[in-house]
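Undergrad: The working numbering applies: residue 47 is where the sequence shown begins, and numbers increase by one. The C-beta atom is built at its ideal place from N, Cα and C for all residues, glycine as well.
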Amino acid sequence: MDRRIASLLSLSTKAGMLYTGEETAEKLLQRGNAQLVIIAVDASDNTKKKFVNKCFFYKRPIRIFGERDVMSKCVGKSGRTVYVITDNGFAVRLQALIDDSLS
47 MDRRIASLLS LSTKAGMLYT GEETAEKLLQ RGNAQLVIIA VDASDNTKKK FVNKCFFYKR
107 PIRIFGERDV MSKCVGKSGR TVYVITDNGF AVRLQALIDD SLS
């Protein structure tokens, strides 16, 4: 994983702008607070499909990126596959960095 992405994930966690877990992500999407949803590459197909559909419905960006263990280490919570950024500034920057690393 790109060092800048890992650093930004860690920083957004410390700033209280990153939430993890499926239930939390669903609630944030429904309330309109989610600015970006990130799903780990090794998440189950059902989880990926569920959040791709939810993000399409609520018109929120989603990226499938990173491995569960690496992402969990960046945010300090183990075994998480769903990450939600609630701050627009962090979301825009993370989205750009992820898109650059995938291309």
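Could you check how far apart the C-beta atoms of Arg45 and Gly125 are, in whole angstroms? I think they sit under 8 Å.
TA: The shown model of the chain, from 47 to 149, leaves out residue 45, and the question about it has no answer.
Undergrad: Just grab the DSSP bridge partners of Leu11 for me.
TA: The structure shown has nothing for residue 11, since the chain only spans 47 to 149.
Undergrad: Just verifying my parser: in three-state terms, what is the DSSP assignment at Arg106?
TA: The answer is coil: DSSP assigns Arg106 none of H, G, I, E or B.
Undergrad: Considering only the beta carbon of each residue, do Ile85 and Phe97 sit closer than 8 Å?
TA: Their beta carbons are under 8 Å apart, which means Ile85 touches Phe97 by this criterion.
Undergrad: Leaving out five residues before and five after Ser56 in sequence, what residues of the same chain have Cβ atoms less than 6 Å from its Cβ?
TA: For Ser56, where only same-chain residues beyond five positions count, the Cβ hits under 6 Å are Cys120.
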